[in-house]
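See below for the structure under consideration.
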Amino acid sequence: MHAITIPEPGGPEALVWAEVPDPVPGEGEVLVEVAATAVNRADLLQRQGFYDPPPGSSPYPGLECSGRIAALGPGVSGWAVGDEVCALLADGGYAEKVAVPAGQLLPIPEGVDLVAAASLPEVTCTVWSNVFMIAHLRPGETLLVHGGASGIGTMAIQLAKAIGAKVAVTAGSAEKLARCAELGADVLINYREQDFVDEVRKATGGAGADVILDIIGAKYLNQNVKALATSGRLAIIGLQGGVKGELNLNALLRKRAAITATTLRARPAAEKAAIVAAVREHVWPLFEAGRVRPVIDRMLPLSEAAEGHRVLESSGHIGKVLLTR
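Numbering that gives the first Met the number 0 numbers the first residue of the sequence shown as 0 and each following residue consecutively.
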């Protein structure tokens with residue numbers, strides 16, 4: 000088969016379309032013939048040499064894919080050759096084929112086409128696990144989403160609105176904020192011109208956000224704590240603003256607030272399977288009812304993955320960037 004390889008770390012030009020050995024599904028795995036994959040921030044870090052794949056996983060980038068099952072490994076039941084699926088991956092989506100633990104497979108939601116489904120596994124699993132399974136966002140509460148126009152952000156807006164929460168977002172342009180509003184965001188904050196702490200407080204009558212989904216990290220740490228409501232929950236899922244910050248513990252104590260930080264890629268297979276099962280149970284019906292939809296910025300050929308990386312690095316996209324076969 001062919002795959003996007005990284006012979007040496009570097010810029011987007013380090014991604015090389017090359018012939019590589021076919022993967023073989025092991026115990027409990029299926030072989031998926033890839034129709035499409037998506038570009039995620041972790042792929043950029045892996046290309047630069049800063050985020051190695053978990054031990055034993057594929058060396059090729061790609062944290063999600065859609066496609067058709069080409070073969071079943073030993074011990075797999077409930078799936079058949081030819082089934083159309085999308086999958087959460089530890090790596091390997093930038094390829095013509097990938098071996099996937101069966102517990103990380105999802106059927107294609109009714110109303111979503113096969114290629115568009117490649118945009119779903121990473122964002123739905125990330126948002127559902129952090130915002131709902133860990134931070135326990137409830138109807139009537141306020142969620143603040145940093146990077147509201149990103150793949151994660153566009154999904155977080157829709158899922159939070161679907162359960163009856165109020166949503167505030169930050170983004171860096173009027174165009175991005177307008178798209179967030181179309182998806183249901185209630186409070187639109189241009190982080191280049193406005194203080195998100197002040198804006199969230201004004202929008203909540205001084206209370207603050209009950210849950211914050213943060214892709215920035217250190218740069219926003221203390222501001223996020225200030226923006227939290229009493230008993231608020233800050234979920235950190237990205238480090239675009241740095242890895243080390245000073246935290247005012249007194250402010251956290253006075254608010255009886257909590258901070259969690261997670262990654263999805265390196266979790267054990269059993270944990271990923273549990274998250275995937277929860278997404279299938281709670282999120283897939285929302286797609287099938289038309290209450291949530293994929294948000295796709297553009298589609299590029301898989302062999303042009305370098306251009307997809309350039310798009311993501313420029314932060315000019317809204318939603319997901321897909322790579323198609």
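Beta carbons: idealized from backbone N, C-alpha and C, even for Gly.
Could you say which of the options lies nearest to residue i if we only look at CA atoms?
{"i": "GLY171", "options": "ILE188, ASN223 and VAL23", "result": "ILE188"}
{"i": "VAL23", "options": "GLU192, PRO100 and GLU287", "result": "PRO100"}
{"i": "ARG290", "options": "GLY27, VAL282 and ALA94", "result": "VAL282"}
{"i": "THR141", "options": "ILE156, LYS165, ALA134 and TRP127", "result": "LYS165"}
{"i": "ASP42", "options": "GLY25, ALA13, GLU28 and ALA34", "result": "ALA13"}
{"i": "ALA167", "options": "THR125, VAL210 and TRP127", "result": "VAL210"}
{"i": "GLY55", "options": "ARG178, THR125 and ALA265", "result": "ALA265"}
{"i": "GLU28", "options": "ALA268, TRP127 and ARG40", "result": "ALA268"}
{"i": "LEU263", "options": "HIS1, ARG40 and ALA17", "result": "ARG40"}
{"i": "ARG255", "options": "ALA305, GLY231 and ARG297", "result": "GLY231"}
Are residue i and residue j touching if we call contact CB-CB under 7 Å?
{"i": "LEU44", "j": "LYS96", "result": "no"}
{"i": "GLY216", "j": "GLY241", "result": "yes"}
{"i": "LEU322", "j": "THR36", "result": "yes"}
{"i": "PRO6", "j": "ARG309", "result": "no"}
{"i": "TYR93", "j": "PRO60", "result": "yes"}
{"i": "ALA226", "j": "VAL196", "result": "yes"}
{"i": "VAL275", "j": "LEU88", "result": "no"}
{"i": "THR340", "j": "ILE133", "result": "There is no way to answer for residue 340, as the model of the chain reaches only from 0 to 324."}
{"i": "ARG178", "j": "ILE317", "result": "yes"}
{"i": "ALA272", "j": "GLY102", "result": "yes"}
So residue i packs on residue j, CB below 8 Å; how close in whole Å?
{"i": "GLU63", "j": "ALA117", "result": "6 Å"}
{"i": "LEU311", "j": "VAL38", "result": "5 Å"}
{"i": "ARG324", "j": "ALA34", "result": "6 Å"}
Which same chain residues, not among the five before or five after residue i, have their C-beta less than 8 Å away from its C-beta?
{"i": "ILE107", "result": "SER65, GLU83, VAL84, CYS85, LEU113 and ALA116"}
{"i": "ASP213", "result": "HIS145, TYR219, ASN223, LEU233, ALA234, ILE235, ILE236 and GLY237"}
{"i": "LEU182", "result": "THR153, ILE156, GLN157, LYS160 and VAL294"}
{"i": "GLU287", "result": "PRO108, GLU109 and GLY110"}
{"i": "ARG200", "result": "ALA206, GLY207 and ALA226"}
{"i": "ASN247", "result": "ASN221 and VAL224"}
Please work out which residues of its chain come closer than 6 Å, Cβ to Cβ, to residue i, disregarding the five sequence neighbours upstream and downstream, and give them in chain order.
{"i": "ILE162", "result": "PRO138"}
{"i": "GLU32", "result": "GLY66, ARG67, ALA69 and LYS96"}
{"i": "ALA250", "result": "VAL224"}
{"i": "SER57", "result": "ASP90 and GLY91"}
{"i": "PRO73", "result": "GLU26"}
{"i": "THR203", "result": "THR141"}
With a 10 Å radius around its C-beta and 16 neighbouring C-beta atoms as the bar for buried, classify residue i as buried or exposed.
{"i": "THR229", "result": "exposed"}
{"i": "LYS319", "result": "buried"}
{"i": "VAL15", "result": "exposed"}
{"i": "GLU198", "result": "buried"}
{"i": "ASN129", "result": "buried"}
{"i": "ASP51", "result": "exposed"}
{"i": "PHE49", "result": "exposed"}
{"i": "ARG46", "result": "buried"}
{"i": "LEU252", "result": "exposed"}
{"i": "ALA173", "result": "exposed"}
{"i": "GLY307", "result": "buried"}
{"i": "VAL126", "result": "buried"}
Please tell me whether residue i has its Cβ less than 7 Å away from any Cβ of chain E.
{"i": "ALA134", "result": "The structure shown contains no chain E; it is built from a single protein chain."}
Whose C-beta lies closer than 7 Å to the C-beta of residue i among residues of the same chain, with five residues either side of it excluded?
{"i": "ARG279", "result": "LEU105"}
{"i": "ALA148", "result": "ALA170, LYS175, ARG178, CYS179 and ILE317"}
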